[in-house]
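Protein chains: 2
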Amino acid sequence: MTASIANSSPTKRGRPGYDQDSVLSIAVEVFNKHGYDATSMGKLAENLGISKSAIYHHVPSKGDLLRLALDEALVPLEAIAEDERAVTGTAEERLKFFLRSTIRVLVKRQQYVTLLLRLRGNTEIERDALERRRAVDRRVSDLVVEAQHEGSLRSDIDPRTTTRLLFGTINSLVEWFREDGNVTAEQVEEHAITMMFDGLHHNGK
Amino acid sequence: MTASIANSSPTKRGRPGYDQDSVLSIAVEVFNKHGYDATSMGKLAENLGISKSAIYHHVPSKGDLLRLALDEALVPLEAIAEDERAVTGTAEERLKFFLRSTIRVLVKRQQYVTLLLRLRGNTEIERDALERRRAVDRRVSDLVVEAQHEGSLRSDIDPRTTTRLLFGTINSLVEWFREDGNVTAEQVEEHAITMMFDGLHHNGK
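Structural data, given as structure tokens:
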């Protein structure tokens, strides 16, 4: 695991061979593997192959590492709503834009989103992140309601369950998608949208 | 949490106020909350409100508790293939039967399936369970291939991705379905099948 640090590009800050991004990227792997609560700064240092004080050179505490790692997922998720396509077109078009964009973030920031999805809310930092995640989720559930009202989405499934099924499908990508697999990120995005909106049943189309 | 033991029905074995099912049901909650690796027999005893020796009265080791708990999920999942409906009808019908039956097990054995889905494979018992889970999953992926061949399932999504999307959607139920919620288990089963096969898009049907 230390290899990825050794190979990492020129550092942003001070210490040769390390930068905050590398520390963050390995920290999130260790958090995901052992759980945030069970990961001590000592264990992190061991995985990074550096001393605890070298970590403290980059971030003041484990909580700050967590906050920075969660931002890697939350900032791009929150940015989706700022795009013009998030506010133009039918509710179904906007919903699809949100879902496609969410899938892109999930695929690009897989480890960070995994961390976000597994949060337990034991600390203030975790609860803040969960609140931000809920705000992001609410935009999608509002769009589901709107799309059902405009008649583009079937309304025999209640909006709450519809939203849960959509997120269930999308969020599962972080568990199984592999960038070096047979299917590209673009294909997965297309396939997931197709299943959710058109279904897997072959209609002779 | 001890209340559920105090209120539990007549014991199957020896010790008054406890039976193996109660111990199992609380053990699986604690495993899911803290992770199997991080749960000591001491922590279990604390959550059960009984002594460690009282746990050992029911099961010889933490590993045995895990094995018993995983059987609560795996045995009914494996039983699906034994049903007549698993071997009669078109591939699509059999696939739907498998998926519906899986959803039922997920909903009825939610905690146990959660434990199964979160396994890391660090011990022999975990690896055995994962192997059994893979065997169950393979039956579904074989049916997906068959249903694409018979032309009932769209084949513009490769069978592997199709299977992943199906399991992603279904498995997510253990994370959000609540038996005391607004939607019944039967409705969730129906809704999930509808989304996966017919899609959420309203076709004017």
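Chains A and B supply the protein sequences, listed in that same order. With my numbering applied, the first sequence covers 574 to 778. With my numbering applied, the second sequence covers 574 to 778. For glycine and all other residues, C-beta sits at the position ideal for the given N, C-alpha and C.
Determine the DSSP secondary structure at residue i, reduced to helix, strand or coil.
| i | result |
| --- | --- |
| His774 (chain B) | strand |
| Ala708 (chain B) | helix |
| Ala829 (chain B) | Only positions 574 to 778 of chain B appear in the structure, and residue 829 (chain B) is not among them; the question remains open. |
| Pro649 (chain B) | helix |
| Glu752 (chain A) | coil |
| Tyr685 (chain A) | helix |
| Leu692 (chain B) | coil |
| Ile676 (chain A) | helix |
| Asp715 (chain B) | helix |
| Val603 (chain B) | helix |
| Asn580 (chain B) | With a pLDDT of 40 at Asn580 (chain B), under the threshold of 50, the predicted position of this residue should be treated as unreliable, though the coordinate-derived value follows. Note: Asn580 (chain B) maps to coil in three-state DSSP. |
| Ser595 (chain A) | helix |
| Gly741 (chain A) | helix |
| Pro732 (chain B) | helix |
| Ser626 (chain B) | helix |
| Thr767 (chain B) | helix |
| Ala664 (chain B) | helix |
| Val632 (chain B) | coil |
When you compare the CB of residue i with every CB in chain A, is at least one pair closer than 7 Å?
| i | result |
| --- | --- |
| Thr675 (chain B) | no |
| Ser745 (chain B) | yes |
| Thr783 (chain B) | Because chain B here runs from 574 to 778, residue 783 (chain B) falls outside it and cannot be looked at. |
| Met769 (chain B) | yes |
| Ala708 (chain B) | no |
| Val756 (chain B) | yes |
| Gly662 (chain B) | no |
| Arg682 (chain B) | no |
| Ala779 (chain B) | No information on residue 779 (chain B) is available, as it lies outside the stretch 574 to 778 that chain B covers here. |
| Leu672 (chain B) | no |
| Gly772 (chain B) | yes |
| Arg658 (chain B) | no |
| Gly615 (chain B) | no |
| Gly608 (chain B) | yes |
| Leu679 (chain B) | no |
| Arg705 (chain B) | no |
| Arg691 (chain B) | no |
| Leu738 (chain B) | yes |
Which one of the options has the shortest CA to CA distance from residue i?
| i | options | result |
| --- | --- | --- |
| Ile698 (chain B) | B:Ser598, B:Phe670, B:Tyr609 and B:Gln593 | B:Tyr609 |
| Gln721 (chain A) | A:Ala618, A:Gly636, A:Leu690 and A:Phe770 | A:Phe770 |
| Lys681 (chain B) | B:Pro633, B:Ser598 and B:Leu726 | B:Ser598 |
| Leu716 (chain B) | B:Ala702, B:Glu651, B:Tyr685 and B:Phe671 | B:Phe671 |
| Thr757 (chain A) | B:Gly622, B:Thr734, B:Lys625 and B:Glu752 | B:Thr734 |
| Arg658 (chain A) | A:Ile743, A:His630, A:Arg673 and A:Asp710 | A:Arg673 |
| Leu726 (chain A) | B:Gly662, B:Gly754, B:Leu692 and B:Met768 | B:Met768 |
| Val713 (chain B) | B:Arg693, B:Phe750, B:Glu759 and B:Glu666 | B:Glu666 |
| Leu690 (chain A) | B:His630, B:Asp637 and B:Trp749 | B:Trp749 |
| Gly724 (chain B) | A:Thr675, A:Asn776, A:Ala600 and A:Ile730 | A:Asn776 |
| Leu643 (chain A) | A:Leu738, A:Asp753, A:Gly741 and A:Asp594 | A:Asp594 |
| Thr742 (chain B) | A:Leu650, A:Gly772, A:Asp753 and A:Val686 | A:Gly772 |
| Lys606 (chain B) | B:Leu692, B:Ser728 and B:Asp753 | B:Leu692 |
| Ile623 (chain A) | A:Ala600, A:Ile730, A:Ala652 and A:Thr663 | A:Ala600 |
| Ala646 (chain A) | A:Met614, A:His764, A:Arg706 and A:Glu759 | A:Arg706 |
| Ile653 (chain B) | B:Leu641, B:Arg751 and B:Leu668 | B:Leu668 |
| Val660 (chain B) | B:Gln760, B:Ile628, B:Pro732 and B:Glu719 | B:Glu719 |
| Leu641 (chain B) | B:Gln684, B:Arg711 and B:Glu762 | B:Gln684 |
| Phe740 (chain B) | A:Arg737, A:Thr736 and A:Leu746 | A:Leu746 |
| Gly754 (chain B) | A:Asp731, A:Tyr629, A:Arg751 and A:Ala627 | A:Asp731 |
| Leu638 (chain B) | B:Pro649, B:Leu650, B:Ala618 and B:Glu651 | B:Ala618 |
| Pro633 (chain B) | B:Asp710, B:Val596, B:Val709 and B:Ala702 | B:Val596 |
Please name the residue or residues paired with residue i in a DSSP beta bridge.
| i | result |
| --- | --- |
| Leu726 (chain A) | B:His774 |
Does residue i come within less than 7 Å of chain B when only Cβ atoms are used?
| i | result |
| --- | --- |
| Thr734 (chain A) | yes |
| Leu597 (chain A) | no |
| Gly741 (chain A) | yes |
| Ala654 (chain A) | no |
| Ile730 (chain A) | yes |
| Leu650 (chain A) | no |
| Arg751 (chain A) | no |
Step through the CB atoms of chain E and report whether any lies within less than 7 Å of the CB of residue i.
| i | result |
| --- | --- |
| His631 (chain A) | Given the protein chain composition of this structure (A and B), no chain E is represented. |
Chain-ordered residues of the segment 711 to 725 of chain A with a beta carbon less than 7 Å from chain B:
Gly724 and Ser725
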